[in-house]
Amino acid sequence: MAVANQNFRIITVADNEEAGRVAAEIFISLVREKPNAVLGLATGSSPVNMYKAMIKDYLENNTNYTDVCTFNLDEYIGLPSNHEQSYANFMRKNLFDHINIQLKNTHIPNGMAKSPEIECVEYEKAIESAGGVDLQILGIGSNGHIAFNEPGTPFSCPTHIVELTEQTRLDNARFFNSISEVPTQAITSGISTIMKSKQIVLIATGAKKANAIRALLEGSQTEDVPATVLKNHPNLTIIADDAALSK
Ligand code: GLP
């Protein structure tokens with residue numbers, strides 16, 4: 000069911016699998032329309048089924064990614080790109096290795112950069128030189144974070160270095176052997192970087208996201224819940240299941 004509400008559209012789905020299929024359709028139609036589209040990609044479990052649906056479509060319909068360019072939202076500081084839990088590795092495993100995208104056209108902040116500060120400035124510039132992100136996929140953290148913009152991040156922030164909150168490290172610890180292995184810092188696209196995307200699709204499924212989605216849909220805009228900034232975006236689609244919409 001799709002509901003239009005001011006600036007944004009909510010599409011209610013049964014589960015993450017359906018969310019993935021619906022989001023993939025939006026991405027695939029853009030790539031067909033604009034073969035050199037700039038896609039904003041995300042990690043985490045939310046977009047995995049979307050990537051699966053894109054791979055399925057690539058195998059069945061030969062959607063062409065040769066001229067597509069991508070920018071990921073974030074990367075842990077201190078993990079080399081070949082580390083099992085780096086977001087670079089995640090993207091290769093879950094998408095890039097399975098479609099005909101050119102790896103040279105894919106961008107992820109370098110978590111091993113000698114100067115993470117310079118890496119942030121260059122990453123922001125690279126997005127601008129590519130013409131900006133046409134379509135951004137987002138997940139949402141249980142505390143309302145987007146990318147790694149934790150509560151309290153100014154809405155005006157460009158790409159920057161973050162200290163990860165205990166909550167986010169705990170949420171992500173399931174991918175590591177223990178919480179002590181979860182990095183404490185990351186490079187993340189800023190809220191202003193995300194808001195410059197021409198179109199945004201947010202996937203939220205599962206009860207853990209209910210508080211964050213309630214704040215986004217019903218609460219006032221506050222830097223304490225970074226996702227609430229998205230209400231200002233002119234072209235936002237929220238794809239959510241009943242559990243995420245339950246509050
Ligand atoms: C991490 C990522 C975010 C993601 C969030 C939610 O913190 N940096 O980009 O949206 O997790 O993760 P999940 O989709 O696994 O619930």
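Counting along the sequence shown from 1, when you hit position 153 you're at 152 in numbering that gives the first Met the number 0, and nothing is skipped either side. Even for Gly, the Cβ is constructed at its ideal location relative to N, Cα and C. All values reported here derive from a predicted model rather than from experimental measurement.
Which value, in whole angstroms, describes the spacing of the CA atoms of Arg8 and Asn210?
-> Here residue 8 refers to the residue found at position 9 when the sequence shown is read from its first residue. Here residue 210 refers to the residue found at position 211 when the sequence shown is read from its first residue. Their Cα atoms are separated by approximately 19 angstroms.
Return the first residue and the last residue of the beta strand (DSSP E) that Thr11 is part of.
-> Residue numbering aside, residue 11 sits at position 12 when the sequence shown is read from its first letter. It spans 7 to 12 - the beta strand (DSSP E) in which Thr11 sits, taken as one unbroken run.
Does the Cβ of Asn60 have 16 or more other Cβ atoms within 10 Å, making it buried, or fewer, making it exposed?
-> By 1-based counting over the sequence shown, the position of residue 60 is 61. Under this definition Asn60 is an exposed residue.
If you draw a straight line from the C-alpha of Leu169 to the C-alpha of Gly143, how long is it?
-> Sequence index remark: in the sequence shown, residue 169 carries index 170 (1-based). Sequence index remark: in the sequence shown, residue 143 carries index 144 (1-based). Taking the straight line joining both Cα atoms gives about 15 angstroms.
Would Ala112 pass as a contact of Glu118 if the rule is Cβ separation under 8 angstroms?
-> Mapped onto the sequence shown, residue 112 falls at position 113. Mapped onto the sequence shown, residue 118 falls at position 119. Their beta carbons are under 8 angstroms apart, which means Ala112 touches Glu118 by this criterion.
Where Ala3 and Ala18 are concerned, what is the direct C-alpha to C-alpha distance, given to the nearest angstrom?
-> Here residue 3 is taken as the residue at index 4 of the sequence shown, counted from 1. Here residue 18 is taken as the residue at index 19 of the sequence shown, counted from 1. At Ala3, the pLDDT of 45 sits below 50, so the modelled position is not reliable; the number obtained from the coordinates is stated separately. If I take the Cα positions, the gap works out to 17 angstroms.
For Leu72, is the beta carbon positioned less than 7 angstroms from some heavy atom of the ligand GLP?
-> Residue 72 sits at position 73 when you count from the first residue of the sequence shown. Leu72: yes, Cβ under 7 angstroms from the ligand GLP.
Under a Cβ-count criterion, where at least 16 other Cβ atoms within 10 Å of its own Cβ denotes burial, should Lys208 be classed as buried or exposed?
-> Against the sequence shown, residue 208 aligns to sequence position 209. With 16 or more Cβ atoms within 10 Å of its Cβ, Lys208 is classed as buried.
Assuming Pro110 contacts Leu78 (C-beta within less than 8 angstroms), just tell me the rounded distance between them.
-> By one-based count along the sequence shown, residue 110 stands at place 111. By one-based count along the sequence shown, residue 78 stands at place 79. Checking the sequence shown, residue 110 turns out to be Gly, not Pro. Going by Cβ atoms, the distance from Gly110 to Leu78 rounds to 5 angstroms, so yes, they are a contact pair.
Taking the Cβ atom as the reference point for each residue, do Pro34 and Gly138 lie within a distance shorter than 8 angstroms?
-> Working through the sequence shown from its first residue, we reach residue 34 at position 35. Working through the sequence shown from its first residue, we reach residue 138 at position 139. In this structure, Gly138 does not lie closer than 8 angstroms to Pro34 by Cβ.
Just to confirm, does Gly143 get its C-beta within under 7 angstroms of one of the non-hydrogen atoms of the ligand GLP?
-> Along the sequence shown, read from residue 1 onward, the residue named residue 143 stands at position 144. Checking the Cβ of Gly143 against the ligand GLP gives no.
Ser155 CB to nearest heavy atom of the ligand GLP below 7 angstroms | Position 156 of the sequence shown holds residue 155. Checking every heavy atom of the ligand GLP against the Cβ of Ser155, none is found closer than 7 angstroms.
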